[in-house]
Amino acid sequence: MSAFKFLSSIKLTVFCLLWLAVLTVWGTVYQVDNGIYQAQERFFDSIFFRFLIFPLPGGMLTMMLLFFNLCVSFFVHYQAGWRMPGLMLTHLGLILLLLGGFFTKVTGLEASVSLLEGEGSNVAVSRSDWEISVAEELHSVREIQAVDFSDLKKRKRFHVGNPDLRFRVVELHRNTSARGPKDLTDEQRAELPLSPTGITEFVPKRLAKEPPDNIPGIRLEVEGAKNATEMVLWGGDQQAAALELEDGSAVFVMLRRKRFELPLFMELRDFRRTYYPGSNVPEDYRSLITVYQGEDSQREVVIKMNHPFRNNGWTFFQQSFAVMDDQAEQSVFAVTRNFGRLIPYWGTGVTSLGLALHFLQMQLMQLKRRRKSA
Amino acid sequence: MNRLLILLFVSLASVLPAEMSKKTLKAWGELPVLHEGRVMPLDSKARLTLLQFSGRGKLGKEPAISWYSRLLFDAETTFDDLIFMINHPGVLEGMGVETEQFVEGERKPSTRRFSFNHLQPGLPKLEELARQAFEKEEDKRDLVDKESLRVFNNIDLYLRTGSVFAHTRPLPMVELSDAELLAMLELQPSERGYSYQTLQPRIVRLTPVLKEIPTQENPNTWTELQRQSFSLAAAMFDFRRRMTDQPLPILAGPPHGEQTWLAPLDALHDPDGDTELIAAAEAISKMQLGWNAQDDEAMMEHIEAVSGFTERRLPELHAVQMADKEARFNRADYFNKAKVYYLLGFFLATAVLFGARSKAIYYTAWALSSWALLLHLTGLGWRIAITARPPVTNLYGTFLFVGLVCLVLAMLVEAFQKDGLGLFAGSFVAMSFLFVAERFAVEGDTMHKLQAVLATNFWLSTHVIAVTMGYAGVWIAGVFGHIWLVQYLLGKDSKQLKKVQMPMDGVLGFGLTFAFLGTMLGGVWADQSWGRFWGWDPKENGALLIVLWTAALYHARIAGMIKERGMAIGNVIGCIVVLVAWLGVNLLGVGLHSYGFTKTMYTGFFGYIFIESVFLIAVVVLDILRKRDGEAPSAPSEPEQTPKEPLETPPLHEPTGNLL
Numbered sequence: 001m002s003a004f005k006f007l008s009s010i011k012l013t014v015f016c017l018l019w020l021a022v023l024t025v026w027g028t029v030y031q032v033d034n035g036i037y038q039a040q041e042r043f044f045d046s047i048f049f050r051f052l053i054f055p056l057p058g059g060m061l062t063m064m065l066l067f068f069n070l071c072v073s074f075f076v077h078y079q080a081g082w083r084m085p086g087l088m089l090t091h092l093g094l095i096l097l098l099l100g101g102f103f104t105k106v107t108g109l110e111a112s113v114s115l116l117e118g119e120g121s122n123v124a125v126s127r128s129d130w131e132i133s134v135a136e137e138l139h140s141v142r143e144i145q146a147v148d149f150s151d152l153k154k155r156k157r158f159h160v161g162n163p164d165l166r167f168r169v170v171e172l173h174r175n176t177s178a179r180g181p182k183d184l185t186d187e188q189r190a191e192l193p194l195s196p197t198g199i200t201e202f203v204p205k206r207l208a209k210e211p212p213d214n215i216p217g218i219r220l221e222v223e224g225a226k227n228a229t230e231m232v233l234w235g236g237d238q239q240a241a242a243l244e245l246e247d248g249s250a251v252f253v254m255l256r257r258k259r260f261e262l263p264l265f266m267e268l269r270d271f272r273r274t275y276y277p278g279s280n281v282p283e284d285y286r287s288l289i290t291v292y293q294g295e296d297s298q299r300e301v302v303i304k305m306n307h308p309f310r311n312n313g314w315t316f317f318q319q320s321f322a323v324m325d326d327q328a329e330q331s332v333f334a335v336t337r338n339f340g341r342l343i344p345y346w347g348t349g350v351t352s353l354g355l356a357l358h359f360l361q362m363q364l365m366q367l368k369r370r371r372k373s374a
Numbered sequence: 001m002n003r004l005l006i007l008l009f010v011s012l013a014s015v016l017p018a019e020m021s022k023k024t025l026k027a028w029g030e031l032p033v034l035h036e037g038r039v040m041p042l043d044s045k046a047r048l049t050l051l052q053f054s055g056r057g058k059l060g061k062e063p064a065i066s067w068y069s070r071l072l073f074d075a076e077t078t079f080d081d082l083i084f085m086i087n088h089p090g091v092l093e094g095m096g097v098e099t100e101q102f103v104e105g106e107r108k109p110s111t112r113r114f115s116f117n118h119l120q121p122g123l124p125k126l127e128e129l130a131r132q133a134f135e136k137e138e139d140k141r142d143l144v145d146k147e148s149l150r151v152f153n154n155i156d157l158y159l160r161t162g163s164v165f166a167h168t169r170p171l172p173m174v175e176l177s178d179a180e181l182l183a184m185l186e187l188q189p190s191e192r193g194y195s196y197q198t199l200q201p202r203i204v205r206l207t208p209v210l211k212e213i214p215t216q217e218n219p220n221t222w223t224e225l226q227r228q229s230f231s232l233a234a235a236m237f238d239f240r241r242r243m244t245d246q247p248l249p250i251l252a253g254p255p256h257g258e259q260t261w262l263a264p265l266d267a268l269h270d271p272d273g274d275t276e277l278i279a280a281a282e283a284i285s286k287m288q289l290g291w292n293a294q295d296d297e298a299m300m301e302h303i304e305a306v307s308g309f310t311e312r313r314l315p316e317l318h319a320v321q322m323a324d325k326e327a328r329f330n331r332a333d334y335f336n337k338a339k340v341y342y343l344l345g346f347f348l349a350t351a352v353l354f355g356a357r358s359k360a361i362y363y364t365a366w367a368l369s370s371w372a373l374l375l376h377l378t379g380l381g382w383r384i385a386i387t388a389r390p391p392v393t394n395l396y397g398t399f400l401f402v403g404l405v406c407l408v409l410a411m412l413v414e415a416f417q418k419d420g421l422g423l424f425a426g427s428f429v430a431m432s433f434l435f436v437a438e439r440f441a442v443e444g445d446t447m448h449k450l451q452a453v454l455a456t457n458f459w460l461s462t463h464v465i466a467v468t469m470g471y472a473g474v475w476i477a478g479v480f481g482h483i484w485l486v487q488y489l490l491g492k493d494s495k496q497l498k499k500v501q502m503p504m505d506g507v508l509g510f511g512l513t514f515a516f517l518g519t520m521l522g523g524v525w526a527d528q529s530w531g532r533f534w535g536w537d538p539k540e541n542g543a544l545l546i547v548l549w550t551a552a553l554y555h556a557r558i559a560g561m562i563k564e565r566g567m568a569i570g571n572v573i574g575c576i577v578v579l580v581a582w583l584g585v586n587l588l589g590v591g592l593h594s595y596g597f598t599k600t601m602y603t604g605f606f607g608y609i610f611i612e613s614v615f616l617i618a619v620v621v622l623d624i625l626r627k628r629d630g631e632a633p634s635a636p637s638e639p640e641q642t643p644k645e646p647l648e649t650p651p652l653h654e655p656t657g658n659l660l
């Protein structure tokens, strides 16, 4: 069978649909013990995944096959099928949906901003992605450059920031705790790899159910620094490691949650939560925000449940809140950027319209047949 | 357990048996009251309280509001009522009471429901069991722990409810015989004693006496006036302290600021001196006197005073406007009535389906099912009006709505085919879902307030409605699938089987369309609320599963991989898929939609899957046996030349002539 025949086969459609159904059930049950993120990664975002010793097709591969199957079938089967506009629209919409999903997967961005009342920020922080940042003072301006933790792997060489500074990954863990010896003298400490908090080794852990709970760790070989040839960075550290360069300047290296610069500065003026009277059932959460954009642009915005604020492809959602020890309220906003977010909307509309059209057409045809036979 | 509360509750209950007239009881049941954040009529609160205690909305034939009134005004008359449902004998054993309660006039002892009198000797031990359970981490509590806590909370609520009007009854353990003291308080000697409500405005007059009490000295040296004044003040203080958090917030607080509702005693002592509120509190407190005196007219007057007060105070509040209508809705009991008519319609439709030729039977079946549909629809309409929400806001609502849509689809089929098939399937499904809904009603308020993120009528009336309509389409196709398989095994001819197969394919198309639309609208809602269209949440996955399964069935049919029998079996499996999407994912307890799964549901869910599996195995085995015995299968003989790989032909339309 040629590849073309294979890709246009309806049996392939059936296989893909059923296998996707199996993955859906499997991935859903898997979430109970491993959380939604790991289930996504293993079953839905994968090309292949391993079960015992067998490699099985993952959701991504299945959906890609389905996508090509749809596209090829569209030209093979529907050339004579213009009498069935509903079916055509349905499959066209599905192609759009799958495309939209892929586009979102590749280009979408998810982060969050947490603000106390009176506080402002123009930076969103990823909940689950990490980066190694290198900060350098240049003409009294702090310049920060970063490399994605997810792009790194063992033995990989990279440089970030100062061109004289180079790193090589020696050890890397996606979720780990860390430890180091206590009560060392300065001489003993100088023998150890550089670490802001004296960490010398990692104790790797299973990936957490919730991705934000994963704390990564990395051991790097360093070239171009006077004070260290090896350094250990852990996500749990709240401090940066200082590297002295040959020219006497210093850079600060830190493993931290990935940052995104927002196209605006937002300040939380007020956060309000209301409950239904006499109960602890939340009725409404809302945040009053002042948005500063450009030189003189300033406006008030209310972000509440089901009413996000959209700006230049970015969307800000009321996600949750926290009450600090001093009773100060912190509002947490989910922040997303997805330029293709409307593609699934179009896909949904076109497919639904197609299904409805086809359904009605079939019912009319059946009615006609009944009348004829009557 | 708070012993003084029990004492107050037990000793102060009126000894006079009394009741309200029907008219007064009706007006009393229509008074708005706050319950778990929702303003509802007292009638609903009474039902919910009784449901919480006993798992039933009535006490035998006595309406909940009547029983609740007895508890409020005359608790002693409820002591022998079998109202406390205890699901684990370990709790009774732990309490040291009999695990069976013999009831006069009954042949069998009660083993699930017990009276307060039966449980009372074990209350101290129950308190200890509940305390131990409370101290454990939630996931380490066993069944006895959970049940002990539940029963303890119920008895606590029972006692607190019975004490709501305790301030109008004589205070226990208060001796007021000193003539000087009575004169100071301007009270006449009374054998019955004095209520908190009577004493409270006068107590301030004792201040000089109380100040002069030599508290450092032995109380035996105190004068009688000092001793009685002190014990009265202590009793008053203790009473007020214990009478907090009363479970009857029936009086609306100040109309400005956040909405508050107060219990009668709290309203009587309103710190802001809101005279209108205090007057309403006095009026409702006088209900106790009216009850004691069996003065129906006076009670009606007090009810009207409170009702008028609430309407003046919160004239715009939708729930206040709807309170009387909700009470009427409760009394009308639309869904239970609909069940009866569905059942009758189902019997007659069965007769028609199995060959009864009488037109009278056929049209009676139509009339009964239509009447039931009307009742069902009216009930749903009332729920929409009362909650000001679309029909589906919780699992209970899904069963009401899906049952209705199934029936409408089946009746449309009936309108075309006129052979009893639609009436049979529709009335059966609608009735079954109403019975299932009843099980969910036991879990609590079915019109409860929605969490902030769900409180959006737009998405509730688009995504939720569409996805539940999808459930309905696939479910009713599954029911037709069952009928097709049974008829196939009974050896019906292809013409008869075709009459089932055609609507089966049609409603499946309806199901696919709406399941897809609903699922994707869910994605749009998620994108609007959380910024992500699809997150592989279990409920999303469940809905997707319906779409995938249904689409796979159609494509397998088009590809010639399955024929009519395969389609029927696939539709039966479709019912399981719908159930997994509908309830199964809640069982997992993860994701954004994990709510409302109970032990009853757990049993029902797996029980249903087991029965369907047995049915399908039986179908396959019987079919094999038939074929082995040489009996010709009567499946409609589709053209055997079904294309192996329908590449050259455009089979997506009309492969069998009846695709949808």
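From first to last, the protein sequence lines are chains A and B. Residues in the first sequence are numbered from 1 upward in steps of one, following this note's numbering. Residues in the second sequence are numbered from 1 upward in steps of one, following this note's numbering. Glycine included, C-beta positions come from ideal geometry on N, C-alpha and C.
* For the region 192-206 of chain A against the region 13-20 of chain A, are there 3 or more C-beta pairs whose distance is under 8 Å? -> The answer is no - the region 13-20 of chain A does not touch the region 192-206 of chain A, with fewer than three Cβ pairs under 8 Å.
* Compute the Euclidean distance between the alpha carbons of Arg118(A) and Phe321(A), then round it to the nearest angstrom. => Numbered from its first residue, the first sequence carries residue 118(A) at position 118. Numbered from its first residue, the first sequence carries residue 321(A) at position 321. Rather than Arg, the amino acid found at residue 118(A) in this sequence is Gly. C-alpha separation (whole angstroms): 15 Å.
* **Secondary structure of Leu592(B), DSSP reduced to three states** => What you label residue 592(B) is simply residue 592 of the second sequence in a count that begins at 1. Confidence at Leu592(B) is low in this model, with a pLDDT of 45, below 50, so the placement of that residue is unreliable and no value is reported for it.
* Can you tell me whether DSSP reads Glu295(A) as helix, strand or coil? -> As a first step, residue 295(A) is located in the first sequence; it is residue number 295 there, counting from the start. Reduced to three states, the DSSP call for Glu295(A) is coil.
* How many whole angstroms separate the CB atoms of Met254(A) and Ser133(A), which I take to be in contact at a CB cut-off of 8 Å? -> Position 254 of the first sequence, counted from the start, is the residue given in the question as residue 254(A). Position 133 of the first sequence, counted from the start, is the residue given in the question as residue 133(A). Correct: roughly 5 Å between the Cβ atoms.
* To do: Run down chain A in chain order and give the residues with a C-beta less than 9 Å from the C-beta of Trp549(B).
  => Along the second sequence, one-based indexing puts residue 549(B) at 549. Contact annotation for Trp549(B) against chain A: Leu17, Leu18 and Ala21 [CB-CB distance below 9 Å, chain order].
* So, is the C-beta of Arg168(A) closer than 8 Å to a C-beta in chain B? -> Reading the first sequence from its first residue, position 168 is the one you call residue 168(A). By this cut-off, Arg168(A) is not an interface position.
* Asked: Quick one: which chain B residues come within Cβ less than 7 Å of Tyr345(A)?
  -> On the first sequence, residue 345(A) is found 345 positions in, with the first residue counted as 1. Those are Val524, listed as they occur along chain B.
* Asked: By DSSP, does Lys498(B) sit in helix, in strand, or in coil?
  -> Sequence index remark: in the second sequence, residue 498(B) carries index 498 (1-based). Helix.
* Using a C-beta cutoff of 8 Å, does Asp537(B) count as contacting chain A? -> Residue mapping note: residue 537(B) aligns to position 537 of the second sequence, counting from 1. At least one CB atom of chain A sits nearer than 8 Å to the CB of Asp537(B).
* Asked: Taking the alpha helix (DSSP H) that Gln327(A) falls in, what are its first and last residues?
  -> Within the first sequence, numbered from 1, the residue matching residue 327(A) stands at position 327. No alpha helix (DSSP H) holds Gln327(A); DSSP gives it neither H nor E.
* Are the beta-carbon atoms of Val436(B) and Val578(B) separated by less than 8 Å? -> Against the second sequence, residue 436(B) aligns to sequence position 436. Against the second sequence, residue 578(B) aligns to sequence position 578. Remark: C-beta atoms of Val436(B) and Val578(B) do not approach each other more closely than 8 Å.
* When the cut-off is 8 Å and only beta carbons count, does Val14(A) lie next to chain B? -> Within the first sequence, residue 14(A) is the residue found at index 14, counting from 1. It does: the Cβ of Val14(A) has a partner Cβ on chain B nearer than 8 Å.
* Asked: How many whole angstroms separate the CB atoms of Tyr396(B) and Phe440(B), which I take to be in contact at a CB cut-off of 8 Å?
  -> As a position in the second sequence, residue 396(B) is number 396, starting the count at 1. As a position in the second sequence, residue 440(B) is number 440, starting the count at 1. Approximately 4 Å separates the beta-carbon atoms of Tyr396(B) and Phe440(B); this is inside 8 Å, confirming the contact.
* To do: Go ahead and label Asp74(B) buried or exposed: buried means 16 or more other beta carbons lie within 10 angstroms of its beta carbon, across all protein chains shown.
  => Taking the second sequence and counting its residues from 1, the one referred to as residue 74(B) is at position 74. Residue environment: Asp74(B) is assigned as buried (16 or more neighbouring CB atoms within 10 Å of its CB, all protein chains considered).
* Is Arg168(A) helix, strand or coil when you go by DSSP? -> Residue mapping note: residue 168(A) aligns to position 168 of the first sequence, counting from 1. For Arg168(A), the secondary structure class from DSSP, reduced to helix, strand or coil, is strand.
* Considering Phe271(A), what are the terminal residues of the beta strand (DSSP E) in which it resides? -> Here the question's residue 271(A) lines up with position 271 in the first sequence. For Phe271(A), the enclosing beta strand (DSSP E) covers residues Ala250 to Tyr275.
* Given a threshold of 16 other Cβ atoms within 10 Å of its Cβ, counted over all protein chains shown, does Tyr363(B) qualify as buried or as exposed? -> Position 363 of the second sequence, counted from the first residue, corresponds to residue 363(B). With fewer than 16 other Cβ atoms within 10 Å, it is exposed.
* Going by C-alpha distance, which of Trp536(B), Gly566(B) and Ile569(B) is nearest Phe101(A)? -> Working through the first sequence from its first residue, we reach residue 101(A) at position 101. For clarity, residue 101(A) is Gly in the given sequence; the question names Phe instead. Answer by Cα proximity: Trp536(B).
* Of all Cβ atoms in chain A, is any one closer than 8 Å to the Cβ of Gln665(B)? -> Since the first and last residues shown for chain B are 1 and 660, residue 665(B) lies out of range.
* For Leu485(B), which option in Ile250(B), Leu583(B), Ala618(B) and His118(B) has the closest C-alpha, if you only look at C-alpha atoms? -> In the second sequence, residue 485(B) corresponds to position 485, counting from 1. Its Cα nearest to that of Leu485(B), the residue Ala618(B) stands out among Ile250(B), Leu583(B), Ala618(B) and His118(B).
* Helix, strand or coil: which one does DSSP assign to Phe597(B)? -> The residue you call residue 597(B) lines up with position 597 of the second sequence. Any reading at Phe597(B) is ruled out, since the residue's pLDDT is 48, under 50, leaving its predicted position unreliable.
* DSSP three-state call for Ile218(A): helix, strand or coil? -> Here residue 218(A) refers to the residue found at position 218 of the first sequence. Residue state, collapsed to three classes: strand.
* Comparing the C-beta of Gln327(A) with each C-beta of chain B, is any distance below 8 Å? -> The residue you call residue 327(A) lines up with position 327 of the first sequence. Not one beta carbon of chain B lies nearer than 8 Å to the beta carbon of Gln327(A).
* Asked: With distances taken from CA atoms, which of Phe401(B), Gln321(B) and Leu489(B) is nearest Leu625(B)?
  -> Position 625 of the second sequence, counted from the first residue, corresponds to residue 625(B). Per the Cα distances, Leu489(B).
* Asked: Is the Cβ of Phe6(A) closer than 8 Å to any Cβ of chain B?
  -> The sequence position of residue 6(A) within the first sequence is 6, counting from 1. No, Phe6(A) lies away from the interface with chain B (no Cβ there is under 8 Å from its Cβ).
* To do: May I have a chain-ordered list of the alpha helix (DSSP H) segments no shorter than 4 residues that lie completely inside the region 545-590 of chain B?
  => Counting only runs of 4+ residues, the alpha helix (DSSP H) found wholly inside the region 545-590 of chain B occupies 564-579 and 585-588, in chain order.
* Would you list, in chain order, the members of the region 30-41 of chain A that have their beta-carbon closer than 9 Å to a beta-carbon of chain B? => Interface annotation for the region 30-41 of chain A against chain B: Gln31, Val32, Gly35, Ile36, Ala39 and Gln40, criterion Cβ-Cβ distance under 9 Å.
* Asked: Is the shortest distance between the beta-carbon of Gly496(B) and the beta-carbons of chain A less than 8 Å?
  -> One-based indexing of the second sequence puts residue 496(B) at position 496. The residue asked about is misnamed: residue 496(B) is Gln in this sequence, not Gly. Answer no: the Cβ-Cβ gap between Gln496(B) and chain A never drops below 8 Å.
* **Terminal residues of the beta strand (DSSP E) in which Thr200(A) lies** => The sequence position of residue 200(A) within the first sequence is 200, counting from 1. Careful: Thr200(A) lies outside any beta strand (DSSP E) and carries neither H nor E.
* **Where the alpha helix (DSSP H) through Leu97(A) begins and ends** => Working through the first sequence from its first residue, we reach residue 97(A) at position 97. Counting along the chain, the unbroken alpha helix (DSSP H) around Leu97(A) starts and ends at Pro85 to Thr107.
* Asked: So, is the C-beta of Phe664(B) closer than 8 Å to a C-beta in chain A?
  -> The shown model of chain B, from 1 to 660, leaves out residue 664(B), and the question about it has no answer.
* For Gln294(B) and chain A, any beta-carbon pair shorter than 8 Å? -> Against the second sequence, residue 294(B) aligns to sequence position 294. Not one chain A Cβ lies under 8 Å of Gln294(B).
* For Val379(A): DSSP bridge partner residues -> Beyond the ends of chain A as shown, which are 1 and 374, falls residue 379(A); an answer cannot be given.
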